[in-house]
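Participant:
Protein chains: 2
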Amino acid sequence: MNRFKDLLTRSGVKLTHQRMEIYCEVMRASDHPDAETVYKRVRKRIPTISLDTVYRTIWLLMDLVLITTLDYPRERMRFDANMTPHHHFICASCGIVRDFYSEQFDNLKIPDTVKMLGSVERTQVELRGLCSNCTKRKVG
Amino acid sequence: MNRFKDLLTRSGVKLTHQRMEIYCEVMRASDHPDAETVYKRVRKRIPTISLDTVYRTIWLLMDLVLITTLDYPRERMRFDANMTPHHHFICASCGIVRDFYSEQFDNLKIPDTVKMLGSVERTQVELRGLCSNCTKRKVG
DNA sequence: CTACATGCAAAGGGTTTGCACGACA
DNA sequence: TGTCGTGCAAACCCTTTGCATGTAG
Chain G
1 MNRFKDLLTR SGVKLTHQRM EIYCEVMRAS DHPDAETVYK RVRKRIPTIS
51 LDTVYRTIWL LMDLVLITTL DYPRERMRFD ANMTPHHHFI CASCGIVRDF
101 YSEQFDNLKI PDTVKMLGSV ERTQVELRGL CSNCTKRKVG
Chain Z
1001 MNRFKDLLTR SGVKLTHQRM EIYCEVMRAS DHPDAETVYK RVRKRIPTIS
1051 LDTVYRTIWL LMDLVLITTL DYPRERMRFD ANMTPHHHFI CASCGIVRDF
1101 YSEQFDNLKI PDTVKMLGSV ERTQVELRGL CSNCTKRKVG
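Structure follows, in structure tokens:
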């Protein structure tokens, strides 16, 4: 929590109680809540908070790398007709997604802790980073 | 393509040229297009096609497990303040996402083919299947 | 004090739906 | 020929934005 305050201050961003409550709420949650859910929960403590403050704060926290999205970079839905086992390299900057193949990744040993959660039908590895194009662009 | 026709017929679904073109287009694409992009491309061959037919066909193809989404199950955006390395178990039926930890998965050896695509900063494994709740529900 | 954050309400944009017409089987 | 699929346009819903007010630093 102190780390949170420091980071906000050092980033030149104001420390409001809305921001603190929203961050706490997402931290506390283990169910990967959506914006609406965060909003409802935070409203128990700050009844006057608005949904758009939740959104604005969430994007702020993402810029500060304090939280992430479960989904791919903020985008519309994208589709894939490649139904053979494959994996994804995702560029964090431009959002491009490249398929790649790896027998090693196709056959990962499923941890016992996961077997208790349910049955696994598909294994997919996601590697995130900077694609070579975006790397060049940042250097140049 | 014959497999496609068979599957549609066996599913009691009509084989229209719109459906064929949309499936072909998603098959052919290697860039994980969104609905709008598929729409634009298919329109070159069927100028009168409409965007909502693209959407309806895409959901149909997903039900037939002929294509997938890059994203998590059709949903709103969800957030995660767990910034320590972790992985996800996703239930294909109810959409619940459970975190789990695995040092093996944290330290996967990156294939050389990926190193040529760009630099990897984060490795995350996604295991999809049926959670124990949904398994029970289907059996019961 | 002053710039930045918030709340409200309205706009935006991707996706879905109702309905009448058209086309596969 | 009957049923299902399509196109159109409007509805829907999540998310974003503009603006006046409030507040942290």
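Chains G and Z, in that order, are what the protein sequence lines are.
So that you can map any letter, position 40 of the first sequence is 40 in this note's numbering, and since no number is skipped, the others follow by simple counting.
One gets this note's numbering by counting positions in the second sequence from 1 and adding 1000 to each.
C-beta atoms are modelled at their ideal positions from N, C-alpha and C, and glycine is treated no differently.
Grab me the residues of Z/PHE1123's own chain with a C-beta within less than 6 angstroms of its C-beta, minus the 5 sequence neighbours each way, in chain order.
Facilitator: Locating residue 1123 of chain Z in the second sequence gives position 123, where the first residue counts as 1. The identity of residue 1123 of chain Z in the sequence shown is Thr, whereas the question assumes Phe. These residues qualify, in order along the chain: LEU1108.
Participant: Closest Cβ-Cβ distance between G/CYS94 and chain Z: below 7 angstroms?
Facilitator: The residue you call residue 94 of chain G lines up with position 94 of the first sequence. The beta carbon of G/CYS94 sits no closer than 7 angstroms to any beta carbon of chain Z.
Participant: List in chain order: all unbroken alpha helix (DSSP H) runs of 4+ residues lying wholly within the segment 1021-1086 of chain Z.
Facilitator: 1035-1043 and 1051-1063
Participant: Would Z/ILE1022 pass as an interface residue toward chain G - the criterion being a Cβ-Cβ separation below 7 angstroms?
Facilitator: Start at 1 with the first residue of the second sequence, and residue 1022 of chain Z comes out as number 22. Chain G, which has no Cβ nearer than 7 angstroms to the Cβ of Z/ILE1022, makes this no.
Participant: For a contact defined as C-beta to C-beta under 8 angstroms, what are the partners of G/THR69 on chain Z?
Facilitator: On the first sequence, position 69 is the one that residue 69 of chain G refers to. Simply MET1077, ARG1078, PHE1079 and ASP1080.
Participant: My guess is that Z/ALA1092 and G/VAL26 are in contact by the Cβ rule of under 8 angstroms, so how many angstroms apart are they, rounded?
Facilitator: For the purposes of this step, residue 1092 of chain Z is taken as residue 92 along the second sequence, with counting starting at 1. For the purposes of this step, residue 26 of chain G is taken as residue 26 along the first sequence, with counting starting at 1. Actually they are not in contact, since the Cβ atoms of Z/ALA1092 and G/VAL26 sit about 25 angstroms apart, beyond 8 angstroms.
Participant: First and last residue of the beta strand (DSSP E) that includes Z/LEU1108?
Facilitator: Here the question's residue 1108 of chain Z lines up with position 108 in the second sequence. Where Z/LEU1108 is concerned, there is no enclosing beta strand (DSSP E), given that its DSSP letter is neither H nor E.
Participant: Just tell me which of G/SER11, G/ARG41, G/GLY12 and G/ARG10 has its CA closest to the CA of G/TYR23.
Facilitator: Position 23 of the first sequence, counted from the first residue, corresponds to residue 23 of chain G. Comparing Cα-Cα distances from G/TYR23 to each of G/SER11, G/ARG41, G/GLY12 and G/ARG10, the minimum goes to G/ARG41.
Participant: Mapping the DSSP letters down to three states, classify Z/VAL1013 as helix, strand or coil.
Facilitator: Working through the second sequence from its first residue, we reach residue 1013 of chain Z at position 13. Looking at Z/VAL1013 - three-state DSSP - the assignment turns out to be coil, as it is neither helix nor strand.
Participant: Let's test the definition: count the other Cβ atoms within 10 Å of the Cβ of G/TYR101 and tell me whether it reaches 16, buried, or not, exposed.
Facilitator: Taking the first residue of the first sequence as position 1, residue 101 of chain G is located at position 101. Under this definition G/TYR101 is an exposed residue.
Participant: Strictly under 7 angstroms for the Cβ-Cβ distance: is Z/GLY1140 near chain G by that measure?
Facilitator: Residue mapping note: residue 1140 of chain Z aligns to position 140 of the second sequence, counting from 1. No, Z/GLY1140 does not count as interfacial toward chain G.
Participant: Going by DSSP, what residues sit across from Z/GLN1018 in a beta bridge?
Facilitator: Translated into positions along the second sequence, residue 1018 of chain Z becomes position 18. In DSSP, Z/GLN1018 forms no bridge with anything.
Participant: Among Z/SER1132, Z/PHE1105, Z/VAL1120 and Z/ARG1137, whose alpha-carbon lies nearest the alpha-carbon of Z/GLU1126?
Facilitator: As a first step, residue 1126 of chain Z is located in the second sequence; it is residue number 126 there, counting from the start. The shortest C-alpha separation from Z/GLU1126 is found at Z/PHE1105.
Participant: Once DSSP output is grouped into helix, strand and coil, what is the label at G/LEU127?
Facilitator: If you number the first sequence from 1, residue 127 of chain G lands on position 127. Residue state, collapsed to three classes: strand.
Participant: Excluding sequence positions up to five away, which residues of its chain have a Cβ less than 7 angstroms from the Cβ of G/THR57?
Facilitator: Taking the first residue of the first sequence as position 1, residue 57 of chain G is located at position 57. Within the same chain, G/THR57 has close Cβ partners GLN18, ARG19 and ILE22.
Participant: I need the straight-line Cα distance from Z/SER1050 to Z/VAL1013, nearest angstrom please.
Facilitator: Residue numbering aside, residue 1050 of chain Z sits at position 50 when the second sequence is read from its first letter. Residue numbering aside, residue 1013 of chain Z sits at position 13 when the second sequence is read from its first letter. Approximately 19 angstroms, taken between the alpha carbons.
Participant: Flag this pair as yes or no: are the beta carbons of G/ARG142 and G/PHE89 separated by less than 7 angstroms?
Facilitator: This structure does not reach residue 142 of chain G, given that chain G is present from 1 up to 140, and the question cannot be answered.
Participant: Verify the CB distance criterion: does Z/GLU1103 have a CB-CB separation below 7 angstroms to chain G?
Facilitator: Sequence index remark: in the second sequence, residue 1103 of chain Z carries index 103 (1-based). Not closer than 7 angstroms to any Cβ of chain G, the Cβ of Z/GLU1103 fails to qualify, so no.
Participant: What residues match up with Z/GLY1118 in a beta bridge as DSSP calls it?
Facilitator: Residue 1118 of chain Z sits at position 118 when you count from the first residue of the second sequence. BP columns for Z/GLY1118 point to G/CYS131.
Participant: If I measure Cβ to Cβ from Z/ILE1067 and keep anything under 6 angstroms in the same chain, skipping five residues before and after, which residues do I get?
Facilitator: For the purposes of this step, residue 1067 of chain Z is taken as the residue at position 67 of the second sequence. Closer than 6 angstroms at Cβ, skipping near neighbours: VAL1026 and LEU1061.
Participant: Could you name the residues of chain G that Z/HIS1032 contacts, counting a contact when the two beta carbons are closer than 8 angstroms?
Facilitator: Along the second sequence, read from residue 1 onward, the residue named residue 1032 of chain Z stands at position 32. Result: ARG78, PHE79, ASP80 and VAL97.
Participant: How many angstroms separate the CA atom of Z/THR1069 from the CA atom of G/ILE46?
Facilitator: Counting from 1 along the second sequence, the entry for residue 1069 of chain Z is found at position 69. Counting from 1 along the first sequence, the entry for residue 46 of chain G is found at position 46. Rounded to the nearest angstrom, the two C-alpha atoms are 37 angstroms apart.
Participant: Where DSSP assigns a beta bridge to Z/VAL1097, which residues make up the other side?
Facilitator: Sequence index remark: in the second sequence, residue 1097 of chain Z carries index 97 (1-based). DSSP, once it has assigned bridges, lists Z/ILE1090 as partnering Z/VAL1097.
Participant: Sorted by chain position, which residues of the same chain lie with C-beta nearer than 8 angstroms to Z/VAL1054's C-beta, five sequence neighbours on each side aside?
Facilitator: Locating residue 1054 of chain Z in the second sequence gives position 54, where the first residue counts as 1. Here the set comprises ILE1022, ALA1035, VAL1038, TYR1039 and VAL1042.
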